[in-house]
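Have a look at the structure below before the remarks.
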Amino acid sequence: MSLLDASKENSATSVSRKGPSRLRRRPGRFVILALWIGVPILPALLVAAPGAGEHQLRALSDDALRKLKASDFEGAASAYQQIVKLNPASAEAHSNLGLALYELGRYEGAIPEFSRALALNPNLTGATVLLGLTYSALHQYRRRLRF
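As structure tokens, then:
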């Protein structure tokens with residue numbers, strides 16, 4: 000086997016465009032980033048939209064954060080979806096929903112959540128970084144370069 004053939008074989012086995020990206024091999028690695036960004040802004044989730052109960056939002060927020068910390072991304076995504084329904088103007092809720100979807104490998108669903116979070120608050124660094132990583136996971140490198 001020539002050096003060129005070995006190089007081709009190594010590159011073919013190391014990068015699989017059909018399988019999950021290398022970022023998905025360690026679920027939960029971005030939870031620390033989300034918690035670092037999300038915990039100080041958690042009270043922003045609790046600003047109830049008109050008609051939404053603050054008590055209900057607080058309970059959902061606590062539940063979602065607990066599930067996110069426990070790497071229960073399915074449960075966290077469900078809780079954040081409920082929060083987004085109650086308070087669609089919460090950039091943090093959209094960002095955390097995107098994070099949960101990202102960790103579940105649902106990249107196509109995470110993109111609109113990160114995009115909505117950034118439309119609501121362009122200063123969310125975590126949402127910007129995770130949107131770029133999501134595009135990378137989907138091998139959409141040209142879109143990623145904007146971030």
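Everything in the sequence shown is counted per numbering that gives the first Met the number 0, starting at 0 for the first residue and increasing by one. Think of the CB as a built atom: it goes at the ideal place given N, C-alpha and C, for glycine as much as any other residue. In this text the structure is predicted, and so the values were computed from the model without any measurement.
**OP:** Can you tell me which of the three DSSP states residue 81 falls into?
**Re:** Looking up residue 81 in the sequence shown gives position 82. In the three-state DSSP reduction, residue 81 falls in the helix class (H, G or I).
Subject >> Three-state secondary structure assigned by DSSP to residue 8 >> reply: Looking up residue 8 in the sequence shown gives position 9. Residue placement at residue 8 is poorly supported in this model, since its pLDDT is 45, which falls under 50; the coordinates are not used for a value here.
Original post:
Where residue 88 and residue 135 are concerned, what is the direct C-alpha to C-alpha distance, given to the nearest angstrom?
Top reply: On the sequence shown, position 89 is the one that residue 88 refers to. On the sequence shown, position 136 is the one that residue 135 refers to. Going from the Cα of residue 88 to the Cα of residue 135 covers about 27 Å.
Original post:
Does the distance from the C-beta atom of residue 109 to that of residue 97 stay below 9 Å?
Top reply: Counting from 1 along the sequence shown, the entry for residue 109 is found at position 110. Counting from 1 along the sequence shown, the entry for residue 97 is found at position 98. For the pair residue 109 and residue 97, the CB atoms are nearer than the 9 Å cut-off.
**OP:** Count the other C-beta atoms from every protein chain shown that fall within 10 angstroms of the C-beta of residue 101, then say buried if there are 16 or more, exposed otherwise.
**Re:** Taking the first residue of the sequence shown as position 1, residue 101 is located at position 102. Residue 101 should be labelled buried.
Original post:
Does the distance from the CB of residue 59 to the CB of residue 99 come in under 9 Å?
Top reply: Taking the sequence shown and counting its residues from 1, the one referred to as residue 59 is at position 60. Taking the sequence shown and counting its residues from 1, the one referred to as residue 99 is at position 100. No Cβ-Cβ contact shorter than 9 Å links residue 59 with residue 99.
Subject >> Test item: CB-CB of residue 91 and residue 116 under 9 Å >> reply: Here the question's residue 91 lines up with position 92 in the sequence shown. Here the question's residue 116 lines up with position 117 in the sequence shown. Cβ distance < 9 Å, so residue 91 and residue 116 count as in contact.
Subject >> Local Cβ density within 10 Å of residue 76, reported as buried at 16 or more and exposed below that >> reply: For the purposes of this step, residue 76 is taken as residue 77 along the sequence shown, with counting starting at 1. Buried.
Subject >> Cα-Cα separation between residue 107 and residue 65, rounded to whole angstroms >> reply: As a position in the sequence shown, residue 107 is number 108, starting the count at 1. As a position in the sequence shown, residue 65 is number 66, starting the count at 1. So the alpha carbons of these two residues sit roughly 25 Å apart.
Original post:
Three-state secondary structure (DSSP) at residue 105?
Top reply: Here residue 105 refers to the residue found at position 106 when the sequence shown is read from its first residue. Residue state, collapsed to three classes: coil.
Subject >> residue 62: first and last residue of the uninterrupted alpha helix (DSSP H) it sits in >> reply: Sequence index remark: in the sequence shown, residue 62 carries index 63 (1-based). Annotation for residue 62: the continuous alpha helix (DSSP H) segment containing it runs 53-68.
Subject >> residue 21 versus residue 104 - alpha carbon distance >> reply: Translated into positions along the sequence shown, residue 21 becomes position 22. Translated into positions along the sequence shown, residue 104 becomes position 105. Its pLDDT being 45, under 50, residue 21 is placed unreliably in this model, and the value from its coordinates should be taken loosely. One alpha carbon belongs to residue 21, the other to residue 104, and they sit about 11 Å apart.
**OP:** Consult DSSP for residue 136 and reduce its assignment to one of helix, strand or coil.
**Re:** For the purposes of this step, residue 136 is identified with residue 137 of the sequence shown, where counting begins at 1. Note: residue 136 maps to helix in three-state DSSP.
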